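Visitor: Numbered per the numbering used here, the sequence shown spans residues 125 to 578.
Here a beta-carbon is modelled for each residue, glycine too, at the ideal position from N, C-alpha and C.
Computed from a predicted structure; not experimentally measured.
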Amino acid sequence: MTSDRAVQGLPAGQVMAAAQCVQYQEGAVVSRELARQQGGTVTLFAFDAGQGLSEHTAPFDALVHVLEGEAEIQIDRRPHPLRGGDLLLMPAHHPHAVQARTPFKMLLVLLRTALMLMGLLWGAGPATAGETPAATSRPIPVILDTDIGDDIDDTWALGLLLRCPELDLKLVVGDYGRAPYRARLLAKFLQTAGRTDVAVGVGQDRDPRGDGAQAAWVKDYDLKSYPGTVHADGIGAMIDLILGSAEPVTLIAIGPVPNLAAALAREPRIAQRARFVGMHGSVRSGYNGQPPPDPEWNVKADAASCRAVFQAAWPMTITPLDTCGRVVLDGERYQRVYRSPDPIAAAIRENYGHWNVHQKGKPETVAQRSSTLFDTVAVYLACRQDFCRMETVSLRVTDDGFTRVDPAGKAVSAAMEWTHLDGFRDWLVKRLAGGVPAAGIRPASTAPVSAGGS
Ligand SMILES: [Ca+2]
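(1) Under three-state DSSP, which class holds residue 399?
(2) According to the neighbour-count rule (16 or more other Cβ atoms, all chains shown, within 10 Å of its Cβ), is residue 144 buried or exposed?
(3) Where in the region 418-468 do unbroken runs of the beta strand (DSSP E), each at least 3 residues long, occur, reported from the N-terminal end onward?
(4) Taking one C-beta from the region 461-469 and one from the region 261-270 each time, how about it: are there three or more such pairs within less than 8 Å?
(5) Going by C-alpha distance, which of 213, 546, 424, 521 is nearest residue 535?
(6) Quick check on residue 135: does DSSP put it in helix, strand or coil?
(7) Using the C-alpha atoms, what's the distance from residue 164 back to residue 236?
(8) Short of 6 Å in beta carbon distance, which residues of its chain neighbour residue 205, apart from the five on each side in sequence? Order them along the chain.
(9) Measuring alpha carbon to alpha carbon, tell me which residue in 405, 549, 545, 311 is nearest residue 353.
(10) Per DSSP, what kind of secondary structure is residue 496 in: helix, strand or coil?
(11) Would you be able to state if there are at least three C-beta pairs under 8 Å between the region 499-511 and the region 383-403?
(12) Mapping DSSP to helix, strand and coil, what is residue 228?
(13) Quick check: what's the CA-CA separation for residue 457 versus residue 156?
(14) Using the Cα positions of residue 396 and residue 438, report the straight-line distance between them to the nearest angstrom.
(15) Do you know how far the Cα of residue 295 is from the Cα of residue 377?
(16) Start and end of the beta strand (DSSP E) containing residue 362?
(17) Taking residue 365 as the reference, give the member of 448, 391, 539 with the closest Cα.
(18) On the DSSP bridge list, what partners appear for residue 534?
(19) For residue 272, verify whether its CB is less than 8 Å away from any heavy atom of ligand 1.
(20) Take residue 446 and list the residues in its own chain whose beta-carbon comes closer than 6 Å to its own, dropping the five residues that flank it on each side.
(21) Nearest to residue 493 by alpha carbon, out of 501, 139, 482, 476?
(22) In terms of DSSP beta bridges, what is residue 214 paired with?
(23) Express the C-alpha separation of residue 283 and residue 375 in angstroms, rounding to a whole number.
(24) Could you name the residues that DSSP lists as bridge partners for residue 330?
(25) Restricting to Cα atoms, I'd like to know which of 207, 192, 223, 287 is closest to residue 199.
(26) Between residue 530 and residue 281, which are expected to be in contact by the criterion C-beta below 8 Å, what is the C-beta distance as a whole number of angstroms?
(27) Taking the CB atoms as reference points, tell me whether residue 173 and residue 225 lie closer together than 9 Å.
(28) Taking 8 Å as the cut-off, is the C-beta of residue 426 nearer than that to any heavy atom in ligand 3?
(29) Could you tell me the distance, in whole angstroms, from the CA atom of residue 211 to the CA atom of residue 177?
(30) Distance, Cα to Cα, residue 625 vs residue 470?
(31) Any heavy atom of ligand 1 closer than 8 Å to the Cβ of residue 378?
(32) Take residue 250 and list the residues in its own chain whose beta-carbon comes closer than 6 Å to its own, dropping the five residues that flank it on each side.
(33) With which residues is residue 512 paired in a DSSP beta bridge?
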């Protein structure tokens with residue numbers, strides 16, 4: 125349901141106490157979006173004492189109005205103490221971080237300029253409530269670290285990533301063993317998608333386990349035939365790309381993370397130059413969508429590596445099972461992808477078929493519905509976060525693969541629940557069915573359009 129009013133959830137013509145519109149939650153950052161228009165958003169935040177938002181950069185100006193409490197906001201690492209009544213402008217493209225000294229509430233006004241343009245140009249359609257492209261005018265450089273070839277959702281996530289013009293995929297690296305098999309899958313998929321500009325990195329193979337469920341799709345594919353670059357040392361390629369990039373790289377991780385732990389051990393400086401977005405953990409809900417949490421596979425498979433990644437200084441955003449475990453496509457939405465002539469959709473469909481045979485699934489399933497598409501949510505979070513409620517939670521990785529809430533743990537921004545799951549499904553389908561040009565194919569003109577023109 126969409127309202128014509130840009131301001132959701134507030135009665136019109138009624139005076140409200142701003143600070144009463146959002147409530148504190150122990151050990152958490154709670155946010156409530158009050159308004160969303162093409163020109164920007166207005167959001168209320170309530171931070172418990174000690175909570176914060178780790179350093180990040182936004183492509184637009186943001187105005188903070190403190191309602192109550194005390195906080196420190198850093199802009200370009202320079203601290204600014206703030207208390208109730210204060211205003212502060214956080215300029216676009218300058219890294220900033222928020223830390224609550226006491227329980228603290230603020231109103232945040234994001235001022236977009238020509239950002240909507242991108243969604244319109246790329247056929248994403250006009251924004252509806254809960255759907256505004258959080259796209260930057262320049263695509264974000266991305267590395268994908270993936271255990272593609274085990275569960276099938278990595279293949280869907282790679283297809284989605286190639287359909288996100290907000291993201292500029294530079295390098296894909298297979299993680300968690302089966303290195304030659306994963307590299308061949310990645311190379312053939314990229315070649316099929318016409319994206320051989322993307323480099324393939326071979327991950328470490330300390331636990332070779334042969335081929336997996338999609339082996340039939342690459343049985344005749346020779347990695348030497350890939351027209352693009354293949355890095356035998358995928359970990360070194362990640363390090364070089366992160367340290368050599370003029371702007372921060374987004375690392376999207378959708379599998380167990382031994383490569384990333386190895387990269388951090390080899391070159392700790394990468395944590396200062398990249399942000400991590402991952403499909404990891406289980407905070408309140410487990411695999412069945414209910415409490416208690418479970419040891420999630422990407423954490424449990426190599427908890428020591430995951431802990432090293434959580435201890436690094438980079439800002440982290442995750443989709444735990446709480447949100448990603450709920451994404452399945454079926455019905456008309458699924459049919460739009462299943463029947464699409466788009467080469468990426470076709471490659472996903474073929475791989476899903478091979479995977480289903482290997483898993484001894486019912487043959488008719490492939491024509492009816494997807495499996496759970498956990499990893500697609502990490503790709504989504506790398507470019508926008510408006511269909512779910514984000515919460516800053518402090519998490520500790522345990523030896524048995526849990527991500528436990530612990531004030532001494534790593535503060536991560538986690539997608540804790542869907543506010544508009546159908547909106548996400550529609551967005552996913554629109555991209556996977558081929559409604560948006562592949563990233564890397566630019567429209568003829570990307571000249572800025574005045575805000576009034578869109
Ligand atoms: Ca995966």
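Guide: Reading off the structure:
(1) As a position in the sequence shown, residue 399 is number 275, starting the count at 1. Three-state DSSP puts residue 399 in a strand.
(2) As a position in the sequence shown, residue 144 is number 20, starting the count at 1. If you draw a 10 Å sphere on the C-beta of residue 144, you find fewer than 16 other C-beta atoms in it, and that means exposed.
(3) Within the region 418-468, complete beta strand (DSSP E) segments of at least 3 residues are found at 440-442, given in chain order.
(4) The region 461-469 is not in contact with the region 261-270.
(5) As a working note, residue 535 is residue 411 in the sequence shown. With distances taken between Cα atoms, residue 535 lies closest to 521.
(6) For the purposes of this step, residue 135 is taken as residue 11 along the sequence shown, with counting starting at 1. If DSSP states are grouped into helix, strand and coil, residue 135 belongs with coil.
(7) The sequence position of residue 236 within the sequence shown is 112, counting from 1. The sequence position of residue 164 within the sequence shown is 40, counting from 1. Cα atoms of residue 236 and residue 164: separation of roughly 5 Å, rounded to the nearest angstrom.
(8) Position 81 of the sequence shown, counted from the first residue, corresponds to residue 205. Cβ within range, chain order: 196.
(9) As a first step, residue 353 is located in the sequence shown; it is residue number 229 there, counting from the start. Per the C-alpha coordinates, the member of 405, 549, 545, 311 positioned closest to residue 353 is 311.
(10) Within the sequence shown, numbered from 1, the residue matching residue 496 stands at position 372. Annotated three-state conformation of residue 496 is coil, per DSSP.
(11) Contact between the region 383-403 and the region 499-511 is present: three or more C-beta pairs spanning the two stretches fall below 8 Å.
(12) Residue 228 sits at position 104 when you count from the first residue of the sequence shown. Three-state result, residue 228: strand.
(13) Residue 457 sits at position 333 when you count from the first residue of the sequence shown. Residue 156 sits at position 32 when you count from the first residue of the sequence shown. Approximately 29 Å, taken between the alpha carbons.
(14) Position 272 of the sequence shown, counted from the first residue, corresponds to residue 396. Position 314 of the sequence shown, counted from the first residue, corresponds to residue 438. If I take the Cα positions, the gap works out to 6 Å.
(15) Reading the sequence shown from its first residue, position 253 is the one you call residue 377. Reading the sequence shown from its first residue, position 171 is the one you call residue 295. Cα to Cα, the separation comes out at about 12 Å.
(16) Position 238 of the sequence shown, counted from the start, is the residue given in the question as residue 362. For residue 362, there is no enclosing beta strand (DSSP E); the enclosing alpha helix (DSSP H) covers residues 358-368.
(17) On the sequence shown, residue 365 is found 241 positions in, with the first residue counted as 1. Comparing Cα-Cα distances from residue 365 to each of 448, 391, 539, the minimum goes to 391.
(18) Translated into the one-based positions of the sequence shown, residue 534 becomes position 410. Bridge partners of residue 534: 519.
(19) As a working mapping, residue 272 is identified with position 148 in the sequence shown. Closer than 8 Å to some heavy atom of ligand 1: that describes the Cβ of residue 272.
(20) To locate residue 446, count along the sequence shown from 1; it is residue 322. Correct list, in chain order: 407, 408, 409, 540.
(21) As a position in the sequence shown, residue 493 is number 369, starting the count at 1. Closest option to residue 493, Cα to Cα, is 476.
(22) For this step, residue 214 is matched to residue 90 along the sequence shown. In the DSSP assignment, residue 214 is bridged to 186.
(23) Looking up residue 375 in the sequence shown gives position 251. Looking up residue 283 in the sequence shown gives position 159. Rounded to the nearest angstrom, the two C-alpha atoms are 16 Å apart.
(24) Taking the first residue of the sequence shown as 1, we reach residue 330 at position 206. According to DSSP, residue 330 bridges with nothing at all.
(25) For the purposes of this step, residue 199 is identified with residue 75 of the sequence shown, where counting begins at 1. Nearest of 207, 192, 223, 287 to residue 199, Cα basis: 223.
(26) The count along the sequence shown starts at 1 and reaches residue 530 at position 406. The count along the sequence shown starts at 1 and reaches residue 281 at position 157. Rounded, the Cβ-Cβ distance is 29 Å, inconsistent with contact.
(27) For the purposes of this step, residue 173 is taken as the residue at position 49 of the sequence shown. For the purposes of this step, residue 225 is taken as the residue at position 101 of the sequence shown. Yes, these two residues count as a Cβ contact at 9 Å.
(28) With respect to ligand 3, the structure offers nothing, as its ligand set consists of ligand 1.
(29) Along the sequence shown, one-based indexing puts residue 211 at 87. Along the sequence shown, one-based indexing puts residue 177 at 53. Spanning the two alpha carbons is a distance of roughly 18 Å.
(30) The structure shown does not extend to residue 625, since the chain is modelled only from 125 to 578, so the question has no answer here.
(31) By 1-based counting over the sequence shown, the position of residue 378 is 254. For ligand 1, at least one heavy atom lies less than 8 Å from the Cβ of residue 378.
(32) Walking along the sequence shown from the start, residue 250 turns up at place 126. With a pLDDT of 31 at residue 250, under the threshold of 50, the modelled position of this residue cannot be trusted; read the value that follows with caution. Cβ neighbours of residue 250 beyond the five flanking positions: none.
(33) Position 388 of the sequence shown, counted from the first residue, corresponds to residue 512. Partner residues in the beta bridge of residue 512, as assigned by DSSP, are 542.
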